[in-house]
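Encoded as structure tokens, the structure appears first; notes follow it.
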Amino acid sequence: MPYCLNDLKVGQKATVKTLNASGSMRRRLLDIGLIGETDIECIGKSPSGDPKAFLIRGAVIAIRSEDCKDILIKGGEE
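Written as structure tokens, this is what we have:
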């Protein structure tokens with residue numbers, strides 16, 4: 063069952079199921095390679111918890127919680 067990227071904890075890996083973002087944010091996420099079936103790993107978070115750092119296609123990308131809610135994932139294993 064898909065859940066959002068916000069649910070991924072540090073050290074967990076998942077696969078992108080659907081990208082529900084729109085407008086310029088959707089374009090940015092697509093530009094960094096965040097498309098369906100992309101593997102993603104949460105590798106850290108800021109001291110306040112937002113944003114989190116994700117390993118996506120070999121690059122570390124920080125994504126805010128506000129934007130993570132529009133990225134549905136499956137998996138979530140450590």
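Numbers in our numbering are just positions in the sequence shown, counted from 1, shifted up by 62. Ideal Cβ positions, reconstructed from N, Cα and C, are used throughout, including at glycine.
| Backbone CA spacing between alanine 76 and lysine 107 [nearest angstrom] | Start at 1 with the first residue of the sequence shown, and residue 76 comes out as number 14. Start at 1 with the first residue of the sequence shown, and residue 107 comes out as number 45. Those two C-alpha atoms are separated by around 16 Å.
| query | Where do the ends of the alpha helix (DSSP H) carrying leucine 91 lie? | reply | Mapped onto the sequence shown, residue 91 falls at position 29. Where leucine 91 is concerned, the enclosing alpha helix (DSSP H) stretches over 85 to 93.
| What number of angstroms, rounded off, separates the C-alpha of glutamate 99 from the C-alpha of glycine 137? | For this step, residue 99 is matched to residue 37 along the sequence shown. For this step, residue 137 is matched to residue 75 along the sequence shown. Whole-angstrom Cα-Cα distance: 11 Å.
| Does DSSP classify glutamate 128 as helix, strand or coil? | Against the sequence shown, residue 128 aligns to sequence position 66. Helix at glutamate 128.
| Cα-Cα, which of Ala124, Ile105, Gly120 is closest to proline 113? | Translated into the one-based positions of the sequence shown, residue 113 becomes position 51. Between proline 113 and the set Ala124, Ile105, Gly120, the nearest pair of CA atoms involves Ala124.
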